[in-house]
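Number of protein chains: 2
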Amino acid sequence: MRTSIATVSLSGSLTEKLTAASRAGFDGVEIFENDLLASPLTPEEIRARCADLGLTIDLYQPMRDIEAVPSDEFDRNLRRAEHKFRLMRRLGADTVLVCSSVSPLAVDDDALAARQLRRLAELAQDFGIRVAYEALAWGRHVSTYDHAWSIVEQAGHPALGTCLDSFHILARGSDPKGIEDIPGEKIFFLQLADAPLMAMDVLQWSRHYRCFPGQGGFDIAGLVGHVIRAGYQGPLSLEVFNDVFRQAEAGPTAVDARRSLLVLQEAVGLAEPPAPVVPSGIAFAELVTPDAEPVSAVLEALGFTRTARHRGKPVDLWQQGEARVLLNTGPAARRDGTSLAAIGLESPDPAGAARRAEALLAPVLPRRRAPEDAPLDAVAAPDGTELFFCVTEGDEHPSWTSDFEPAERQSPPGEGVHHIDHLALTQPWHQFDEAALFHRSVLGLGAQESVDVADPYGLLRSRAVTNADGSVRIALGVGPAPTADEGGRAQHIALATDDVVTAARRFRAAGGRLLPMPPNYYDDLAARYEFTDDELATYRELGILYDRDAGGEFRHCYTETVDRVFFELVQRDGDYRGYGAQNAPVRLAAQHARRPVG
Amino acid sequence: MRTSIATVSLSGSLTEKLTAASRAGFDGVEIFENDLLASPLTPEEIRARCADLGLTIDLYQPMRDIEAVPSDEFDRNLRRAEHKFRLMRRLGADTVLVCSSVSPLAVDDDALAARQLRRLAELAQDFGIRVAYEALAWGRHVSTYDHAWSIVEQAGHPALGTCLDSFHILARGSDPKGIEDIPGEKIFFLQLADAPLMAMDVLQWSRHYRCFPGQGGFDIAGLVGHVIRAGYQGPLSLEVFNDVFRQAEAGPTAVDARRSLLVLQEAVGLAEPPAPVVPSGIAFAELVTPDAEPVSAVLEALGFTRTARHRGKPVDLWQQGEARVLLNTGPAARRDGTSLAAIGLESPDPAGAARRAEALLAPVLPRRRAPEDAPLDAVAAPDGTELFFCVTEGDEHPSWTSDFEPAERQSPPGEGVHHIDHLALTQPWHQFDEAALFHRSVLGLGAQESVDVADPYGLLRSRAVTNADGSVRIALGVGPAPTADEGGRAQHIALATDDVVTAARRFRAAGGRLLPMPPNYYDDLAARYEFTDDELATYRELGILYDRDAGGEFRHCYTETVDRVFFELVQRDGDYRGYGAQNAPVRLAAQHARRPVG
Numbered sequence: 001m002r003t004s005i006a007t008v009s010l011s012g013s014l015t016e017k018l019t020a021a022s023r024a025g026f027d028g029v030e031i032f033e034n035d036l037l038a039s040p041l042t043p044e045e046i047r048a049r050c051a052d053l054g055l056t057i058d059l060y061q062p063m064r065d066i067e068a069v070p071s072d073e074f075d076r077n078l079r080r081a082e083h084k085f086r087l088m089r090r091l092g093a094d095t096v097l098v099c100s101s102v103s104p105l106a107v108d109d110d111a112l113a114a115r116q117l118r119r120l121a122e123l124a125q126d127f128g129i130r131v132a133y134e135a136l137a138w139g140r141h142v143s144t145y146d147h148a149w150s151i152v153e154q155a156g157h158p159a160l161g162t163c164l165d166s167f168h169i170l171a172r173g174s175d176p177k178g179i180e181d182i183p184g185e186k187i188f189f190l191q192l193a194d195a196p197l198m199a200m201d202v203l204q205w206s207r208h209y210r211c212f213p214g215q216g217g218f219d220i221a222g223l224v225g226h227v228i229r230a231g232y233q234g235p236l237s238l239e240v241f242n243d244v245f246r247q248a249e250a251g252p253t254a255v256d257a258r259r260s261l262l263v264l265q266e267a268v269g270l271a272e273p274p275a276p277v278v279p280s281g282i283a284f285a286e287l288v289t290p291d292a293e294p295v296s297a298v299l300e301a302l303g304f305t306r307t308a309r310h311r312g313k314p315v316d317l318w319q320q321g322e323a324r325v326l327l328n329t330g331p332a333a334r335r336d337g338t339s340l341a342a343i344g345l346e347s348p349d350p351a352g353a354a355r356r357a358e359a360l361l362a363p364v365l366p367r368r369r370a371p372e373d374a375p376l377d378a379v380a381a382p383d384g385t386e387l388f389f390c391v392t393e394g395d396e397h398p399s400w401t402s403d404f405e406p407a408e409r410q411s412p413p414g415e416g417v418h419h420i421d422h423l424a425l426t427q428p429w430h431q432f433d434e435a436a437l438f439h440r441s442v443l444g445l446g447a448q449e450s451v452d453v454a455d456p457y458g459l460l461r462s463r464a465v466t467n468a469d470g471s472v473r474i475a476l477g478v479g480p481a482p483t484a485d486e487g488g489r490a491q492h493i494a495l496a497t498d499d500v501v502t503a504a505r506r507f508r509a510a511g512g513r514l515l516p517m518p519p520n521y522y523d524d525l526a527a528r529y530e531f532t533d534d535e536l537a538t539y540r541e542l543g544i545l546y547d548r549d550a551g552g553e554f555r556h557c558y559t560e561t562v563d564r565v566f567f568e569l570v571q572r573d574g575d576y577r578g579y580g581a582q583n584a585p586v587r588l589a590a591q592h593a594r595r596p597v598g
Numbered sequence: 001m002r003t004s005i006a007t008v009s010l011s012g013s014l015t016e017k018l019t020a021a022s023r024a025g026f027d028g029v030e031i032f033e034n035d036l037l038a039s040p041l042t043p044e045e046i047r048a049r050c051a052d053l054g055l056t057i058d059l060y061q062p063m064r065d066i067e068a069v070p071s072d073e074f075d076r077n078l079r080r081a082e083h084k085f086r087l088m089r090r091l092g093a094d095t096v097l098v099c100s101s102v103s104p105l106a107v108d109d110d111a112l113a114a115r116q117l118r119r120l121a122e123l124a125q126d127f128g129i130r131v132a133y134e135a136l137a138w139g140r141h142v143s144t145y146d147h148a149w150s151i152v153e154q155a156g157h158p159a160l161g162t163c164l165d166s167f168h169i170l171a172r173g174s175d176p177k178g179i180e181d182i183p184g185e186k187i188f189f190l191q192l193a194d195a196p197l198m199a200m201d202v203l204q205w206s207r208h209y210r211c212f213p214g215q216g217g218f219d220i221a222g223l224v225g226h227v228i229r230a231g232y233q234g235p236l237s238l239e240v241f242n243d244v245f246r247q248a249e250a251g252p253t254a255v256d257a258r259r260s261l262l263v264l265q266e267a268v269g270l271a272e273p274p275a276p277v278v279p280s281g282i283a284f285a286e287l288v289t290p291d292a293e294p295v296s297a298v299l300e301a302l303g304f305t306r307t308a309r310h311r312g313k314p315v316d317l318w319q320q321g322e323a324r325v326l327l328n329t330g331p332a333a334r335r336d337g338t339s340l341a342a343i344g345l346e347s348p349d350p351a352g353a354a355r356r357a358e359a360l361l362a363p364v365l366p367r368r369r370a371p372e373d374a375p376l377d378a379v380a381a382p383d384g385t386e387l388f389f390c391v392t393e394g395d396e397h398p399s400w401t402s403d404f405e406p407a408e409r410q411s412p413p414g415e416g417v418h419h420i421d422h423l424a425l426t427q428p429w430h431q432f433d434e435a436a437l438f439h440r441s442v443l444g445l446g447a448q449e450s451v452d453v454a455d456p457y458g459l460l461r462s463r464a465v466t467n468a469d470g471s472v473r474i475a476l477g478v479g480p481a482p483t484a485d486e487g488g489r490a491q492h493i494a495l496a497t498d499d500v501v502t503a504a505r506r507f508r509a510a511g512g513r514l515l516p517m518p519p520n521y522y523d524d525l526a527a528r529y530e531f532t533d534d535e536l537a538t539y540r541e542l543g544i545l546y547d548r549d550a551g552g553e554f555r556h557c558y559t560e561t562v563d564r565v566f567f568e569l570v571q572r573d574g575d576y577r578g579y580g581a582q583n584a585p586v587r588l589a590a591q592h593a594r595r596p597v598g
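Sequence lines, in order, name chains G and W. If you read the first sequence in the UniProt record's numbering, its first letter stands for residue 1, the second for the next number, and so on. If you read the second sequence in the UniProt record's numbering, its first letter stands for residue 1, the second for the next number, and so on.
Shown next as structure tokens:
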């Protein structure tokens, strides 16, 4: 099926929007009237631009407050419509969206609405145009899709059909099953938008919080299934207005939009991209840094050993148990300071994982970096983090470690840490929902609930994606706003240990500095849980935080931050599923307090 | 009455919050538990810090999920409470807030709730502490203030009273009149928050959208009246959580908070600041610029004449009719580029206006700038704009113009413009509501509805404040987010004319450049209204925009932008009350399109 996107879903000028839609691979666009009005291009120029970009103009939208009005008002409306039909001819658009009236002049009279819409369709037909009538969820008298369809049916004109919009249908709580009762050829258009499930005024909800399918809480795939079974042949078109997208760059938003449609098409059986290959572990985390010393010192104190060096690049492999950290002092580091730049994901089928990622529009990175390197499949996540699909010392696939030369002198390895528990990445402000959708759809990970965390200087949101056995956990965080304190931008590597107390003591004995936690926190722990005095004194001394959920317990502590990266030592007992979000405000305040003033 | 503020209302560390509250003149604070937990200070140190700052600790908050639970759970709760009471002794706080339970363990049993709260109060009494029980609007079984009070009454213990929270009461739609039935001495605490009227989930509404009294839609003054009449003697305390305040600096937020309480106290007769002196016109607008030439050229083309120069400073007075623009090339300009830095407000009583402003915590600016200057009363608005209260050539008060020396050579004045129609100021992202409250309360202006405007790169909000006859109009705008395109940051001076077509033609003939508008806009005008072809052609040629409301018509056009300032020519006919917001997206897109790339 063809795919389309409404220009109102993207930011920028009309030409920026069209270019972004084309580059992301959409077949067509809905042109939103205000975008056309504000454009310096004539309708003919817009038509030509779309043709050059390989885009059809699938819909012109919207016309409002047309029907069920007194006859003098309707005459004015027809006059206005005629102007618009002429414009559409110049534009080369053959379908117009008419939204159910919100005008105070409109009366509750379906027969009148049908007569007037029929008259409008007759006029449209003269111009070779079709009218798609849609129920706005907040329409004055017509607010449900079945009501809109019954008026269209009553009007009985070939140039009049209905437009279905998943938001308007699902936000009203209508049962979409009835869509199958509408003849497919009378469904002129289908607009798709998801939204987080919120109890709020439906107009505000629609205008500010719509999102792409799969990013919200509606069953869009179920609805599309009904529409397909009804026999609909038109495009799947996204119409999403959202305060965040308005500020985001059009290019990446268009790609995210198209990815969401691909995933939707897969869900309803309209597309078969390569199946997801769920990663089975974290092979490595790669830090880039302009100066290896501070991070190396922390790694060494944590018990890591520098076991190998890349044959062709300034990259060291540090290892402890199954936890591997690459330290890259190459050119990227000079640009961005110390940051978590790449993740190696243990994959049962690296090439297959890459094929799916590519099919879902993830930018594919060059496969082989130097002739002698093992081929590595890699893609970029929306935040720019490189994701490598790899195998560590497998039999059938070359190991990424074969690019590394064992170090000559290795200190004896520590034993406190056995693997990477999770990685925490900070997303750009406007990419939180996109990031979760990317990790779910491209990598086949499951998304947990998102959590709000109060930072002293703003609210953070965090959402984790994991595989089924928890061997891959990535926490996606987003800061309060673009210019807010950069504390929210920190990234970290959490290391799993069976005994956080011993691991923390060793770290400190080796010269590492733990983030000190406020004494008041421990007084509160004493009030909430029953610890022995010794236990609490130990936690207090080391800055260990504690949490508990229905499944188990969580003890964790933090190293001091190097540039914008820090490490966490975590001990999970039982089936604890979280990340200590409850303790995040205290940790964040402690990190703010340690930051040099000025 | 004493005033207090909850630390959760302000951003930053606990000490930053306490300092801000003290500097803004609050008498006390509510300490929010998480702020204490995250603080490196011991309770004793916090107590000492508050004492040094002249703040009492009026409330420790909150304790949750205490009552109406199974007895083993209640025993754990008592143990937890005892820890907290010990902490409060160290802190020197004698009242604790207990919120109605949201625990799934809680049962719907008022008698049990009363018994357990009584037991809690007995324990509290041993520590010299009082328990204030409050109904959360989303409490599991207790969600209204009268229900909470009936449980308190049933418990019948002197150390147990109720806490009233205006948000919880008004968001539930409860009638606050019943407050008068509660004995004043049993109202242990009063928390105040306003909120915009929104239909949404009450928990989300409360957590993210609370605002200070007077900034939202609730009748807080009415509620406070009932509480006073009940005999309440405690402090008026603000408890406002809001995603925007979390990111704003604590200092200015605390001042805005205190101002909102002062206005509230005035409204209920608890304070008598000097009465507002409503400005009766705009005496001048002052632009600062590092380079006078570009702005002078625009003013000249608009028909302004340089009529005078300040005796002691590099400030020129440009005039046309009653429209006066000061052009200041002094030191401030070198810092900020060209901007609208000050507004002269025609005042019936400049000293009185300044006294009110000062009483409402507006920063007062030095009154006399040089020994020979006329004294000028001035204060700073929240966005830093200087507001001068002045008289232009009055009999009883020295005119600000007496500081100016008439220019020797004056070109003949134009006659197209007769006064300043309005000034448009861009507010810092987090100060939109504060700005409106400031202009309303300090200047006595009325606030119009706020309007959302779609900019190509984000959503703008705009709200106008005016005096009764419309001779003072200030449009306060706010951009989409801190780092968004600076287009939203533009400021402008709108000049009133009786004939915008002639004024625009003259401007162009004099070498001025008007902002060109897209032709598609005029095709749409033709569809919406009936103009003669000539009329439309003229508008199209000059870039004149058109709007209409129930009262009249509005025609307006824009000059090109100098740095971040531009001018608008406006013709109001009939009783048109708006500012052409409908046309703003087209104007903004045209301004974006004219901006040099790069």
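Heads up, the beta-carbon is just placed ideally off N, CA and C, and yes, glycines get one too. Here the structure is a predicted model, which is why all the values come from computation and not from measurement.
- For valine 227(G), the enclosing alpha helix (DSSP H) begins and ends at 220 to 229.
- If you look at serine 11(G), you'll find it isn't in any beta strand (DSSP E); DSSP assigns it neither H nor E.
- Only residues of its own chain outside the window of five on either side were considered, and among them Thr162 and Ile182 have a CB closer than 7 Å to the CB of tryptophan 149(W), listed in chain order.
- Under the DSSP assignment, asparagine 328(G) falls in the beta strand (DSSP E) whose first and last residues are 323 to 328.
- Along the segment 232 to 248 of chain W, the positions whose C-beta sits under 7 Å from a C-beta of chain G are Asp243, Arg246 and Gln247, read in chain order.
- Against chain W, the beta carbon of glycine 12(G) has neighbours under 9 Å at Pro456, Tyr457 and His592, listed in chain order.
- Comparing alpha carbon positions, the residue from Gln448(W), Phe241(W) and Ser143(W) closest to alanine 581(W) is Gln448(W).
- The C-beta of proline 314(W) has fewer than 16 other C-beta atoms within 10 Å across all chains shown, which makes the residue exposed.
- Between arginine 540(G) and alanine 490(G), the gap from beta carbon to beta carbon reaches 7 Å or more.
- Taking a 10 Å sphere around the C-beta of proline 213(W), we find 16 or more other C-beta atoms and assign the residue as buried.
- Taken in chain order, the unbroken stretches of alpha helix (DSSP H) that lie wholly in the UniProt domain "VOC" (281 to 392) of chain G and span 4 residues or more are 292 to 301, 331 to 336 and 350 to 359.
- Between valine 453(G) and alanine 584(G), the gap from beta carbon to beta carbon is short of 7 Å.
- By the neighbour-count criterion, in which 16 or more other beta carbons inside 10 Å mark a residue as buried, proline 176(G) falls on the buried side.
- Annotation: tyrosine 546(W) to valine 277(W) spans about 35 Å, alpha carbon to alpha carbon.
- The Cβ atoms of valine 152(G) and leucine 164(G) lie no closer than 7 Å to each other.
- The way I'd put it, the segment 288 to 300 of chain W doesn't touch the segment 260 to 267 of chain W; fewer than three beta-carbon pairs between them come closer than 8 Å.
- Collapsing the DSSP output to three states places phenylalanine 26(W) in coil.
- Not one beta carbon of chain W lies nearer than 7 Å to the beta carbon of aspartate 72(G).
- In the three-state DSSP reduction, arginine 259(G) falls in the helix class (H, G or I).
- Cβ contact annotation for leucine 190(G) (same chain, cutoff 7 Å, sequence separation greater than five): Leu164, Val227, Tyr232, Gly234, Leu236 and Ser237, in chain order.
- Shown here, leucine 445(G) sits in coil according to DSSP, grouped into three states, outside any helix or strand.
- In summary, serine 402(G) is exposed, with fewer than 16 beta-carbon neighbours lying within 10 Å of its beta-carbon over all protein chains present.
- Close to chain W, meaning a Cβ-Cβ distance shorter than 8 Å, are the following residues of the segment 518 to 534 of chain G: Pro518, Pro519, Asn520, Tyr521, Asp523, Asp524, Ala526, Ala527 and Arg528.
- Between alanine 323(G) and histidine 418(G) the beta-carbon gap is near 7 Å, inside 8 Å, which marks them as a contact.
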